[in-house]
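Enquirer: If you're matching positions, the sequence shown starts at 0 in numbering that gives the first Met the number 0 and goes up one per residue.
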Amino acid sequence: MSNSARSPRTISILSGKGGVGKSVVAFNLADAMARQGAKVLLVDADFGCGNQHLLANVAVEFGIGEYASRQVPLREAVTTLAGGVDLLASTWNETLGEARDVTFTAKLLQRIHSDARNYDFILIDHASGRSNQAAMMAHASDIALLLVIPELTSLSDGYGLYKHLLSLGDSVDCGLVINRAQNSDEATFIAEQFQLLTERFMGRPIAALAAIPEDESVRRSIGAQSPLAQIDSQSAACQAITQFATVLLQASEFGNSSPNTIKNDTATADTRG
Ligand SMILES: Nc1ncnc2c1ncn2[C@@H]1O[C@H](COP(=O)(O)OP(=O)(O)OP(=O)(O)O)[C@@H](O)[C@H]1O
Ligand SMILES: [Mg+2]
């Protein structure tokens, strides 16, 4: 897969509550997509606190700070990771102080999008919470992935973030990703509850796109600072992420912005409800 004529698809990964696995999932999803032939730009948008470079074990000279301040162009601001992903790492620069201003963020994203024309996907790892910056980027993305874990606080904050996203406009295409599920019954239960609640109170049921199991291989891969595919490609978490990457790639091949329209994929079968 290589993008010659089309513009890249932008995928935002966000969550209401922090620490639910956005960065780990973004890192491994980007790696899985690249291993399947896509050209992927992974953007660490957790300005100042990002850790994609730690997960990948790379020392970065430049990153989003230098790119935002126009010190270097995109091709010099990225660091190419072992699996082929280009990382626009989180480096701090005073320019990013303005990122709280949504107009600045909108322009930055627009610039990334136009400079990243030779990529198939731009995957954005956000800071957690209901910030206007993340919400604006989610609205500007082709797909927003709302990550939750099976805990009341994560579900409640995730619901709040979804409500916030819809309050800013109903054009956002947002799907649910359940991380750290103990088993498929738990993932199905959460998907159904979330769908019921969002349908009943917002008139807009959220589709569950994937479930990633709780898996000890995730901790091992973080410790080894390597993608799951290198540490334990047969692990349940790696398989789920790889399948989800396939779904996203196929949706893109068929010209769909959202993977919701793919009906028979095993990665989503458990959670679609
Ligand atoms: N599927 C999983 N199985 C087991 N552990 C997991 C899984 N996903 C995430 N974790 C654990 O959760 C921790 C937090 O993950 P991560 O840093 O990606 O969260 P985050 O949402 O990006 O946090 P922040 O909001 O601070 O940016 C990881 O260090 C890892 O130990
Ligand atoms: Mg993170």
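Cβ atoms here follow ideal geometry from the backbone N, Cα and C, with glycine treated the same way.
C173 lies in the beta strand (DSSP E); which residues open and close that run?
Expert: Counting along the chain, the beta strand (DSSP E) containing C173 begins and ends at 173-180.
Enquirer: Pick out the complete alpha helix (DSSP H) segments inside the region 212-262, 4 residues or longer, and give them in chain order.
Expert: 215-223, 227-230, 235-252, all fully within the region 212-262.
Enquirer: Does ligand 2 have a heavy atom nearer than 8 Å to the CB of G49?
Expert: Flag set: Cβ of G49 near ligand 2.
Enquirer: Would you call the region 119-128 and the region 36-46 in contact, with 3 or more CB pairs under 8 Å?
Expert: Because the criterion of three Cβ pairs below 8 Å is met, the region 119-128 and the region 36-46 touch.
Enquirer: Hey, would you say S89 sits closer than 9 Å to H52, going by beta carbons?
Expert: Closer than 9 Å, so yes.
Enquirer: Going by DSSP, what residues sit across from T79 in a beta bridge?
Expert: Beta-bridge pairing links T79 to D85.
Enquirer: Which one or two residues does DSSP pair with L95 in a beta bridge?
Expert: DSSP output for L95 lists no bridge partner at all.
Enquirer: Compare the beta carbon distance of A186 and A210 with 9 Å and say whether it is the shorter of the two.
Expert: In contact: A186 and A210 (Cβ atoms closer than 9 Å).
Enquirer: Where in the region 114-188 do unbroken runs of the beta strand (DSSP E), each at least 3 residues long, occur, reported from the N-terminal end onward?
Expert: Correct list: 120-125, 142-147, 173-180.
Enquirer: Are the region 213-220 and the region 187-195 touching by the rule of at least three beta carbon pairs closer than 8 Å?
Expert: Touching, no, given that fewer than three Cβ pairs across the two stretches are closer than 8 Å.
Enquirer: Please tell me whether D114 and L73 are closer than 9 Å, where the distance is taken between their beta carbons.
Expert: It is a contact, given that the beta carbons lie within the stated cut-off.
Enquirer: Taking 8 Å as the cut-off, does the region 24-38 touch the region 60-69 (at least 3 CB pairs, one atom from each stretch)?
Expert: Judged by Cβ distances under 8 Å, the region 60-69 makes no contact with the region 24-38, as fewer than three pairs qualify.
Enquirer: Along the chain, which unbroken stretches of the alpha helix (DSSP H) at least 4 residues long are found entirely within the region 14-38?
Expert: Runs found: 21-34.
Enquirer: So is S68 buried or exposed if we call it buried at 16+ other beta carbons inside 10 Å?
Expert: S68 is exposed by the Cβ-count criterion.
Enquirer: V71 to E150, Cα distance in whole Å?
Expert: Near 42 Å, if we compare the C-alpha coordinates of E150 and V71.
Enquirer: Bridge partners for I273 per DSSP, in chain order?
Expert: Look at the range of the chain in this structure, 0 to 272, and you will see that residue 273 is not part of it.
Enquirer: Looking only at its chain, what residues have a beta carbon closer than 8 Å to the beta carbon of Q181, apart from the 5 residues adjacent to it on each side?
Expert: Around Q181: P149, P212, E213.
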